[in-house]
Structures are given as structure tokens and as C-alpha cells.
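*Asks:* Residue numbers (the working numbering): 4 to 686.
#1: Nearest to residue 190 by alpha carbon, out of 179, 163, 597?
#2: What residue from 277, 233, 232, 224 has the CA that sits closest to residue 249's CA?
#3: Can you round the beta-carbon distance between residue 172 and residue 179 to whole angstroms, since I take them to be within the 8 Å contact cut?
#4: Starting from the C-beta of residue 192, find all residues in its chain whose C-beta is less than 8 Å away, skip the five residues before and the five after it, and write them out in chain order.
#5: Would residue 586 pass as a contact of residue 547 if the rule is Cβ separation under 7 Å?
#6: What is the residue span of the beta strand (DSSP E) that residue 540 lies within?
#7: Please classify residue 575: does DSSP put it in a helix, a strand, or coil?
#8: Mind listing, in chain order, the continuous beta strand (DSSP E) runs of no fewer than 3 residues lying wholly within the stretch 118-191?
#9: Who are the near neighbours of residue 460 in its chain, counting only those whose CB is closer than 8 Å to its CB and skipping five residues on each side?
#10: Would you identify the three-state DSSP class for residue 288, choosing helix, strand or coil?
#11: I need the straight-line Cα distance from residue 231 to residue 218, nearest angstrom please.
#12: Excluding five sequence neighbours on each side, which residues of the same chain lie with their C-beta closer than 8 Å to the C-beta of residue 519?
#13: Hey, out of 271, 40, 221, 244, whose CA is closest to residue 151's CA?
#14: Comparing C-alpha positions only, which one of 195, 434, 600, 649 sits nearest to residue 525?
#15: With H, G and I counted as helix, E and B as strand and the rest as coil, what does DSSP make of residue 565?
#16: DSSP three-state label for residue 530, please.
#17: Tell me which residues share the same chain as residue 2 and place their Cβ nearer than 8 Å to its Cβ, disregarding the 5 neighbours each side in the sequence.
#18: State the CB to CB distance for the pair residue 211 and residue 279, rounded to an integer number of angstroms; the pair is presumed to be in contact (CB under 8 Å).
#19: Within the continuous beta strand (DSSP E) that includes residue 275, where are the two ends?
#20: What is the DSSP secondary structure of residue 633, reduced to helix, strand or coil?
#21: Which first and last residues belong to the alpha helix (DSSP H) in which residue 401 is found?
#22: Could you have a look at residue 518 and say whether DSSP puts it in helix, strand or coil?
#23: Name the residue from 537, 84, 237 whose alpha carbon lies nearest to the alpha carbon of residue 177.
#24: Looking at the secondary structure, which residues open and close the beta strand (DSSP E) in which residue 645 lies?
#25: Under the three-state reduction of DSSP, which class applies to residue 483: helix, strand or coil?
#26: Could you round the C-beta distance between residue 166 and residue 157 to whole angstroms and report it? I think they count as a contact, below 8 Å.
#27: For residue 414 and chain D, any beta-carbon pair shorter than 7 Å?
#28: Using 8 Å as the threshold, is the stretch 390-403 in touch with the stretch 479-490, meaning 3 or more CB pairs across them?
#29: For residue 512, report the span of its beta strand (DSSP E) as first-last.
#30: Buried or exposed for residue 572, please, with buried defined as at least 16 other CB atoms from any protein chain shown within 10 angstroms of its CB.
#31: Under the DSSP definition of a beta bridge, which residues are partnered with residue 588?
#32: At which residues does the alpha helix (DSSP H) containing residue 212 begin and terminate?
#33: For residue 679, verify whether its CB is less than 6 Å away from any heavy atom of the ligand ADP.
#34: Could you give the C-beta distance for residue 467 and residue 449, rounded to a whole number, given that I count them as a contact under 8 Å?
#35: Any contact between the stretch 625-645 and the stretch 665-685? By contact I mean 3 or more CB pairs, one from each, below 8 Å.
#36: Alpha carbon to alpha carbon, how far is residue 441 from residue 492?
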């Protein structure tokens with residue numbers, strides 16, 4: 004019998020092979036199921052994060068275009084007051100506008116109603132007399148009186164790819180008498196270069212596309228700049244993006260690389276911002292995870308398969324011995340002889356163990372059914388922390404991963420709800436408890452909330468907490484809830500970084516124009532509520548350009564950083580200083596005195612303090628070509644324009660314009676001085 008125990012036809016071999024096959028199939032099916040679910044969840048999360056990044060970039064470009072359109076509208080309003088009869092005066096007006104150089108790298112032109120250019124900067128392009136009536140965006144501004152942004156076209160003078168912005172010029176009766184147009188040459192440095200200078204991930208890239216012409220305006224990949232996107236019908240996802248669908252999807256790009264691409268529209272210009280990253284990089288963590296699952300499953304198959312084979316061979320031997328005894332009894336025709344359950348030996352132990360197993364299985368069936376949701380969550384959320392809340396008893400089970408994610412060991416956290424509440428950041432606790440209660444009351448299909456939890460080292464981690472009530476009594480009261488939490492600290496840090504990029508000047512770390520407008524609006528609201536005055540200071544450095552020309556932009560950047568630091572030291576905590584660009588700074592003074600004269604004195608004292616501080620000598624450390632550090636001394640003064648405001652009846656742009664006018668009054672008066680806005684001395 005022993006010699007035949009490993010024959011294929013023997014029951015021992017068949018049982019062993021069948022058991023091993025069932026185990027292997029179960030392991031691989033489980034591995035495949037986990038892999039597919041994780042791949043789906045992670046891919047969805049990556050797509051959502053990428054679409055969020057695309058939306059932030061699209062919004063930033065849209066705001067940049069809105070700022071430039073606003074600049075043209077402000078200038079057009081002043082041109083309308085001058086009229087279009089005196090071309091020399093109009094030319095002088097354009098020559099003095101620094102904002103044109105800042106916002107439009109090929110300048111701007113004043114166009115009469117017939118479409119002819121009557122004044123233009125810079126004069127080297129010689130646009131005077133050229134007719135632009137045939138440009139659709141110029142015609143729209145003239146005939147319909149609407150601000151318009153053009154599609155991409157070849158410039159008549161530059162013969163390069165450009166796009167333009169045009170706004171109507173109206174006379175005092177509101178009639179359109181002409182248009183003011185500004186142009187941006189896409190082949191020269193411009194504000195869109197911020198897209199080309201960045202990369203998404205290691206191999207991802209950005210694209211800015213014109214929906215109508217399908218021209219790629221700018222891109223991280225220099226090979227694609229000013230090239231036309233694939234023809235309609237070639238790529239379905241590209242067509243959908245250019246038709247205005249804001250979504251993420253997988254497609255193949257021009258170079259045959261499969262990418263995950265997300266798109267968001269820029270409404271003001273009918274452009275599309277696209278962020279794409281090769282799927283090989285985007286889904287690399289998924290493939291690595293799948294490889295590990297396969298490797299672990301393979302190793303477990305080999306190890307446990309060998310163990311099962313050996314155990315079955317050893318444990319089945321007593322069964323065959325029992326079968327032999329039963330055969331002897333059968334030959335003796337003692338059919339009424341049964342093997343007693345109390346019989347000692349392998350067969351008796353097997354029968355007793357089998358009966359005990361059935362009893363245990365029956366007892367545990369209900370417990371296993373109740374814990375089905377817990378293990379389902381544990382499988383689907385591999386790598387996340389698991390919690391299980393017994394609501395009537397107010398006890399919570401926290402998994403080992405839940406605790407170690409925050410740096411705690413098993414004994415550091417007790418199993419009660421108050422312990423969890425203690426870990427939630429005080430600023431997040433109120434909203435978090437509301438979200439929990441709304442789900443317990445059945446107002447939301449699931450509990451999903453983002454909050455911070457206290458780590459053992461005293462720091463906080465951002466957590467995405469998700470849960471579900473899985474059991475209620477007959478009255479609908481919740482009995483049990485289970486869920487997971489995921490560490491999203493890195494995502495939150497990335498969002499904060501993007502917010503900083505959107506609201507702060509990268510060189511000086513000061514607020515940019517967008518954040519300045521918010522702070523100024525808040526100061527105006529405070530002024531209205533308290534009755535106190537506020538002030539706006541517009542500051543421009545007097546001799547900044549010679550430093551750049553002589554020692555390069557590195558020296559200019561060092562000077563701007565030091566200027567920002569000196570201004571900060573002069574201000575109160577309630578004040579705001581922002582950099583608009585170049586060497587222009589704006590300061591908001593909030594909560595001055597109720598009395599206008601006293602407020603003026605306060606603003607003047609602070610402005611003089613800043614002017615005096617900025618007039619002190621600067622010692623700038625530069626590195627030479629040989630790497631040695633040398634110090635240059637530079638003297639730089641500032642012209643400061645000041646205007647007061649009292650409530651929200653004034654427009655923000657008017658306040659900025661008044662302060663700008665006052666600054667130019669200071670410039671015209673000899674520079675290095677402070678001037679208050681005087682409506683009788685407009686520049």
C-alpha cells in the first residue's frame with residue numbers, strides 16, 4: 004500500500020493535487036481581484052489630482068489675460084477723454100505707459116474707427132497708417148464695442164505668430180470712436196513662458212492650445228510650440244478637449260506615447276490648458292504594486308504548496324489505514340459493526356475533530372458574516388488604516404496600520420471615540436463631527452472628510468477619512484460603522500505649493516496682484532465698517548534699470564529682495580505690501596484714523612519712513628565668473644504716490660490708478676519724494 008501511495012490513480016495523490024489546485028487558484032484569483040481594484044482606485048485618484056492641477060493652471064492663465072484686458076480698458080478710458088484728434092499727444096501718452104511694456108511684448112496701438120493705426124509703441128515697428136479692419140478681434144471691438152482676444156495669427160509687421168487683445172475707445176457720450184489693441188509675440192519671452200518652464204512629474208508636460216485654430220500656443224515640449232494639433236477626427240480625446248470638454252483620459256500623443264491627459268478651458272480666450280503625463284510614469288506605482296503582488300503570490304504558492312503536499316501526505320496516512328480496517332470488517336460481513344466515536348487512534352481523532360470543526364464553523368458563521376464588510380474594506384484599501392466603530396458601546400477598533408501611520412504603537416491608543424476626537428486638529432474638529440453626524444442621521448450616503456490628526460511626534464498629518472454605517476436597528480439607529488483613512492499630506496502640501504505660486508511673487512515672496520486685490524477689498528470693507536480711513540501707496544524705484552544693465556539681472560533680483568525686506572520692516576502687522584512686477588510695489592495701509600487730515604499725516608509719515616529707508620546704500624553680494632564673491636554698492640531711491648480711501652464706494656482699479664497717478668506726479672516733480680493724489684495734476 005505504501006509503495007502505491009503516490010500513484011496518480013491513488014486517492015492520496017488526487018486529494019493532494021485537488022487541494023493544491025484549489026489553493027493556487029484561490030490565491031491567484033484573490034491577487035488578481037486586489038490588483039484590479041487597487042489599479043482602478045489609484046488611477047481614478049491620479050486623474051482627479053491631475054485635473055485639479057490643470058484647473059489651477061488654467062485659472063492662473065485666465066487671470067493673467069483678464070489683468071491685461073483690464074489694463075487696456077483703463078488706458079482706453081483715458082484715451083477717450085483725450086480724443087483721437089491729436090496724434091502727437093496720443094503717441095506721447097503711449098510712450099509714457101510702462102504697463103504696456105510690461106504686459107505686451109510687441110507694444111500697443113491706437114486705431115481709429117476706420118481701422119487705421121494713428122499711434123503705436125514701440126515706434127520701431129512702424130505700424131502708423133496700417134489698416135487692421137480685416138482682423139476680426141479689431142472689428143469686434145469697433146463695431147460691437149466689446150473687448151476681444153484674438154485667435155493666433157501671423158502679424159502684419161512682425162511676420163511671427165502673435166495674438167492680440169482689443170478694447171473699444173469711447174468718447175464722453177459713450178460712442179465707440181476707436182480701439183486700443185495690445186499684442187503678444189509668442190516667439191519672444193512672454194507671460195506664457197511660465198508654462199514652458201515647468202514640467203509635470205519627470206516626463207509629463209503642459210500644452211496651451213487655441214480651440215479654433217488648433218495651434219499649440221506654448222508647451223513644455225519645445226518641439227510642439229506653434230505647431231498645429233492633430234487634424235479633427237484623428238484623435239478622439241484631443242477633439243473632445245478642443246470642443247470644450249473638461250475631463251481626463253488616456254490617449255496616444257503625436258510621438259506615439261500613451262499619456263494620461265487632462266484639459267480645462269480658459270474661458271476669456273477660448274484656449275485649452277492640457278496637462279499630460281506618460282502612463283508609464285503616472286501608473287508606475289500601480290505596476291510596481293502589481294509586480295509585488297505577483298511575486299508574493301508566487302512565493303506563497305511555492306512555499307504553501309510544498310507544505311500542503313507534505314501535510315496531506317502525512318495526515319492522510321491514518322485514513323488509509325482506517326480504510327484497510329473497514330475493508331477487513333466488510334469481508335467478515337459484520338455490516339452492523341460501526342466504528343465507535345470513542346475509539347482511540349487517528350480515525351477517532353479525525354471524527355471528533357471533524358465534528359468539532361462543524362460546530363465551530365456553525366458558531367463562527369454569523370461572526371464571519373458580520374465581519375464581511377470589515378475585511379472587504381481591508382482588502383480594497385490595502386495600505387490604508389482601518390477603523391471599526393461599535394456605536395452603542397462607543398468603542399472603536401483601530402488597525403495596526405491606522406496607528407503606525409501616525410507613529411503610534413499598539414498600546415498608545417485606547418479603543419474609545421474620545422481618543423480619536425483628541426487626535427483631530429482643534430480647527431477641524433467641529434466640521435468633522437458635523438460630517439460624522441450627518442452620515443449617522445442618514446443625510447449623506449457615506450462619511451467622507453479631510454482633516455488633520457495628531458502624530459506621536461507632535462506634528463499633524465492630513466487624512467482622507469471614509470466610512471459607512473453597515474448596520475442599523477429596526478428603528479434606523481446606527482449600530483456599526485467601518486471605514487479607512489488615507490494619508491494625503493503630500494497632496495495637501497502640493498495644493499499649498501500651487502496656491503503659493505498663484506498668490507505670491509516667487510522672487511520676493513510678497514503677495515502678487517491677485518492677492519493684493521483681495522487684501523485691498525478687505526481693507527475697504529473694514530474702512531466702511533469702522534469709519535476709519537485707509538491708504539494705498541504706489542512705489543516705483545527711480546534708478547533700477549541702470550543696475551540691471553550694468554551688473555545683470557542677478558544684481559537686480561538681489562536689490563528687489565532687499566527692497567521688499569526693508570519695506571516689510573517699516574510696516575505694521577495689519578498692513579500689506581505686494582509686488583506688481585518689475586520694480587513696482589504697492590502698500591495697503593488699513594485702519595488709519597477717522598479724521599482725514601490725521602490719516603493723511605499717518606500715511607505721509609510711513610511713506611517718508613519707507614522712502615528714507617530705501618534711499619540708504621545697498622551692498623549687494625555677487626559672484627564673478629571665477630566663483631569669487633564681490634560686493635557692489637548701489638544707491639537707489641523711490642518715488643511714492645499715495646491716495647486715501649474711506650469705504651467701498653470707490654472701485655479698486657480707481658484707487659490703484661489714483662495712486663499710480665500720484666507716483667507719476669512724484670516722478671515728474673524730481674523723483675525720490677512722496678506725492679499725494681491730486682485730481683488736478685493727472686499725468
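Glycine residues also receive a C-beta, built at the ideal position from the N, C-alpha and C atoms.
*Replies:* Quick answer:
#1: Of the listed residues, the one whose Cα sits closest to residue 190 is 163.
#2: Across the set 277, 233, 232, 224, the C-alpha of 277 shows the shortest separation from the C-alpha of residue 249.
#3: 7 Å
#4: 108
#5: yes
#6: 537-544
#7: coil
#8: 120-124, 164-173, 179-188
#9: 410
#10: helix
#11: 4 Å
#12: 579, 581, 583, 589, 591
#13: 271
#14: 649
#15: helix
#16: helix
#17: Given that the chain is displayed from residue 4 to residue 686, the structure contains no residue 2 and the question cannot be resolved.
#18: Residue 211 to residue 279, Cβ: 12 Å. No contact.
#19: 274-281
#20: strand
#21: Here residue 401 belongs to no alpha helix (DSSP H); instead the beta strand (DSSP E) covers 398-401.
#22: helix
#23: 84
#24: 641-648 is the span of the beta strand (DSSP E), which, as asked, contains residue 645.
#25: strand
#26: That pair is no contact at about 11 Å.
#27: Looking at the structure shown, chain D is missing, and only one protein chain is on hand.
#28: As far as the Cβ criterion goes, the stretch 390-403 touches the stretch 479-490, which means the pair count is three or higher.
#29: Where residue 512 is concerned, there is no enclosing beta strand (DSSP E), given that its DSSP letter is neither H nor E.
#30: It is exposed - the Cβ of residue 572 has fewer than 16 other Cβ atoms within 10 Å.
#31: 542, 582
#32: Counting along the chain, residue 212 falls outside any alpha helix (DSSP H), though it belongs to the beta strand (DSSP E) covering 208-213.
#33: The ligand ADP is not among the ligands present in this structure, which contains no ligands whatsoever.
#34: With 8 Å as the limit, residue 467 and residue 449 do not qualify as a contact, their Cβ atoms being about 12 Å apart.
#35: yes
#36: 25 Å
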